[in-house]
Amino acid sequence: LSPKELRTILLLFAWSAVVGSLIGYGITLETAAPGAYRERSPFISHIRLGLMLVLAVVVLLHHWPRSWWKRIGHLLGVAACLSLLRELGSLQGFLLVFLLAWVAVWWRSQSMSVLSRWGVRAVLLVPVLVLLLQVRGSLEARRSPRHFHPGPISAGGELYWNDSTAWQVENGHPVWVEVAPIELGRSWRARTGTRLTGSAANGESLYGTLVRYMASKHLTKDSVGMLAMTDEDLQRVQQGFVNVEQGRQGPLRRRIDEVVYEMERFHNTSDASSGSVAMRLEYWRTGLYLARENWLGGVGTGDTQQAFDRAYEELGSTLDPEWRHRAHQQYLTLWISFGVLGFLFAMSSWVVPAVMTGGWRHPVYLAFALVFVVSCLTDDTLETQPGATFYAFFQALFLFAVRRKAD
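Note that the sequence shown covers residues 863 to 1269 in the numbering used here.
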């Protein structure tokens, strides 16, 4: 392929990713439940889509057009990619964007004066500080007060249910204290005309959602607390919102809150099924166990899942049976399946062609390689058709299809 042909193929990929993502987002705009970021990608895994959107950003910026109207189009495309990553709650996607931007700016700053170079590099710390502040805000919102003395009886005369050992906290307020279940159910029915049973729109317990929401507003869970709930609050509870701030923050902060909640729940209950992050920790623990037990020859690519099933039982895993999957870490999966020799062969098959063909010198290939390598840390990227196609297409495109100067 000539440079012009390569540019055309890359731009077709980038704009296809943007347009396809926007169409998928439009389809799910009215149907996706609050916080259901996975539903924002109806055509492909939201994780794989995030990888493609990150690479699309790189392509659109690398192939910067000369005409002003095309530049506007590329800027809009980049903005759409970042906005879609935000809607997908893709922490990995934003991490990759930051890493790529950081490397690019650091490399560009090499040609600047000493003062300018270090000034630019100092600016690179700003996104890190913003992310740390987001995480800190999420942790502060979940910190329980040291001294809390719940009342014994509700305004309606019902004895409060107070669980001082419960770990759940919303906006710094304990959830399962000052709860009058009968009075709360009666007040809910008076306000909404429905029983406080069943599920919210997102499938979670309506009762639990209401109690958590009221805790986030620092209300007692009784008739007095219900009087302080607005009609909008009640509608939000029915939709599945568990916190007064939920939905009023960006999707990225919401995803950070979810991860913090998952880890808090996992720490306090040891329930590995409490969320995707906790599940991955259990997958990796089990995967490391299998890698140690079968480090030389592996278990065989056809027996990997069966080996995991046995290992979960041997380790006494708390994962529910339906969530007992493989490592969700490509490097571990390769080691478990093929042993150390097979793992080293696989790694060399990734690196050696890039070095021998000189393809590693292309900036977009380097960006693709970083995206792929990082994605393999948290997922079995090559174990799905979209992931395998993503790797095979760009690996073959840059290493074997591009015309070299030596040609």
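All residues carry an ideal CB built from backbone N, CA and C; glycine is no exception.
DSSP bridge partner residues for I1015 (one or two, in chain order):
Looking up residue 1015 in the sequence shown gives position 153. I1015 pairs with L1021.
Worksheet item: If L1068 and G1060 are in contact, beta carbons under 8 Å, what's the gap, nearest whole angstrom?
Response: As a position in the sequence shown, residue 1068 is number 206, starting the count at 1. As a position in the sequence shown, residue 1060 is number 198, starting the count at 1. With a Cβ gap of about 6 Å, L1068 and G1060 count as contacting.
Have a look at W930 and S864 and give me their C-alpha separation to the nearest angstrom.
Position 68 of the sequence shown, counted from the start, is the residue given in the question as residue 930. Position 2 of the sequence shown, counted from the start, is the residue given in the question as residue 864. Using only the alpha carbons, I get a separation of about 25 Å.
task: Could you tell me the boundaries of the alpha helix (DSSP H) in which V982 lies?
output: By one-based count along the sequence shown, residue 982 stands at place 120. That run of the alpha helix (DSSP H) goes 976-985.
Looking at V940 and L917, is the spacing between their C-beta atoms short of 8 Å? Looking up residue 917 in the sequence shown gives position 55. Looking up residue 940 in the sequence shown gives position 78. No; because the gap between Cβ atoms is not below 8 Å, this pair is not in contact.
* Asked: Relative to the ligand MG, is the shortest distance from any of its heavy atoms to the C-beta of P989 smaller than 7 Å?
  -> Among the components of this structure there are no ligands whatsoever, and the ligand MG is therefore not found.
Does DSSP put S903 in a helix, in a strand, or in coil? In the sequence shown, counting from the first residue as 1, residue 903 sits at position 41. Coil.
CB contact flag (L913, S1237, <8 Å):
To locate residue 913, count along the sequence shown from 1; it is residue 51. To locate residue 1237, count along the sequence shown from 1; it is residue 375. Yes, these two residues count as a Cβ contact at 8 Å.
What's the gap between the Cα of V1213 and the Cα of E892? To locate residue 1213, count along the sequence shown from 1; it is residue 351. To locate residue 892, count along the sequence shown from 1; it is residue 30. Whole-angstrom Cα-Cα distance: 44 Å.
Counting only the same chain and skipping the five closest in sequence on each side, list residues whose C-beta sits under 6 Å from that of K1079. Taking the sequence shown and counting its residues from 1, one reaches residue 1079 at position 217. Result list for K1079: V1106, in chain order.
_Backbone CA spacing between V1037 and A1028 [nearest angstrom]_ = On the sequence shown, residue 1037 is found 175 positions in, with the first residue counted as 1. On the sequence shown, residue 1028 is found 166 positions in, with the first residue counted as 1. Rounded to the nearest angstrom, the two C-alpha atoms are 8 Å apart.
Legend entry - Backbone CA spacing between V1264 and P1183 [nearest angstrom]: If you number the sequence shown from 1, residue 1264 lands on position 402. If you number the sequence shown from 1, residue 1183 lands on position 321. Using only the alpha carbons, I get a separation of about 47 Å.
Measuring only the C-alpha atoms, how far is C943 from P1043?
Along the sequence shown, read from residue 1 onward, the residue named residue 943 stands at position 81. Along the sequence shown, read from residue 1 onward, the residue named residue 1043 stands at position 181. For C943 and P1043, the distance between alpha carbons rounds to 46 Å.
(message) Assuming contact is defined by CB atoms lying nearer than 8 Å, are G1201 and W1157 in contact in what I supplied?
(response) Start at 1 with the first residue of the sequence shown, and residue 1201 comes out as number 339. Start at 1 with the first residue of the sequence shown, and residue 1157 comes out as number 295. For G1201 and W1157, yes; Cβs fall inside 8 Å.
Between the beta-carbon of L1046 and the beta-carbon of M1088, is there less than 8 Å? Start at 1 with the first residue of the sequence shown, and residue 1046 comes out as number 184. Start at 1 with the first residue of the sequence shown, and residue 1088 comes out as number 226. A contact, by the Cβ cut-off of 8 Å.
task = Indicate the three-state DSSP secondary structure (helix, strand or coil) for R1008 in the structure shown.
result = In the sequence shown, counting from the first residue as 1, residue 1008 sits at position 146. Reliability fails at R1008, whose pLDDT of 47 lies under 50, so the model's placement of it is uncertain and no value is given.
**Prompt:** By Cβ distance below 7 Å, which residues in the same chain neighbour V1233 in space, the five residues on each side in sequence not counted?
**Reply:** Against the sequence shown, residue 1233 aligns to sequence position 371. Contacts found: L913, V916, L917, L958.
Quick check on the DSSP output: the alpha helix (DSSP H) that includes T893 runs from which residue to which? If you number the sequence shown from 1, residue 893 lands on position 31. No alpha helix (DSSP H) holds T893; DSSP gives it neither H nor E.
- Under the three-state reduction of DSSP, which class applies to K932: helix, strand or coil? In the sequence shown, residue 932 corresponds to position 70, counting from 1. In this structure, K932 counts as helix in the three-state DSSP scheme.
For D1171, which residues of its own chain have a beta-carbon under 7 Å away from its beta-carbon, when the five flanking residues on both sides are left out? Here residue 1171 refers to the residue found at position 309 when the sequence shown is read from its first residue. So the qualifying residues of the chain are R1186.
- So which of Q1030, T870, Q954 has the shortest CA-CA distance to R910? Your numbering for residue 910 matches position 48 in the sequence shown. Considering only alpha carbons, the answer is Q954.
Next item on the list: Report the three-state DSSP secondary structure of V1264 (helix, strand or coil).
Entry: Against the sequence shown, residue 1264 aligns to sequence position 402. Three-state result, V1264: coil.
Margin query: Applying the 10 Å Cβ sphere with the 16-neighbour rule, what's the burial state of V967?
Written below: Within the sequence shown, numbered from 1, the residue matching residue 967 stands at position 105. Looking at its Cβ environment, which holds fewer than 16 other Cβ atoms inside 10 Å, V967 is exposed.
From E949, I871, L873, G935, residue whose alpha carbon lies closest to that of Y887: Along the sequence shown, one-based indexing puts residue 887 at 25. The residue with the shortest Cα to Cα distance from Y887 is E949.
Per-residue DSSP class, three states only, for H1035: As a working mapping, residue 1035 is identified with position 173 in the sequence shown. If DSSP states are grouped into helix, strand and coil, H1035 belongs with the strands.
- Would you identify the three-state DSSP class for S1067, choosing helix, strand or coil? As a working mapping, residue 1067 is identified with position 205 in the sequence shown. It is a strand residue.
- Can you tell me whether DSSP reads K866 as helix, strand or coil? What you label residue 866 is simply residue 4 of the sequence shown in a count that begins at 1. DSSP places K866 in helix when its eight states are reduced to three.
Give me the Cα-Cα distance between V1122 and S883, rounded to the nearest whole angstrom. Translated into the one-based positions of the sequence shown, residue 1122 becomes position 260. Translated into the one-based positions of the sequence shown, residue 883 becomes position 21. Rounded to the nearest angstrom, the two C-alpha atoms are 28 Å apart.
Starting from the Cα of W1146, find the closest Cα among A1173, L995, S978, R1110 and give me that residue. Numbered from 1 along the sequence shown, position 284 holds the residue referred to as residue 1146. The residue with the shortest Cα to Cα distance from W1146 is A1173.
Handout entry: Straight-line gap, G1018 to L1239 (C-alpha atoms, nearest Å)
Key = Counting from 1 along the sequence shown, the entry for residue 1018 is found at position 156. Counting from 1 along the sequence shown, the entry for residue 1239 is found at position 377. If I take the Cα positions, the gap works out to 54 Å.
Practice item. Indicate the three-state DSSP secondary structure (helix, strand or coil) for S1061 in the structure shown. Key: In the sequence shown, counting from the first residue as 1, residue 1061 sits at position 199. Reduced to three states, the DSSP call for S1061 is strand.
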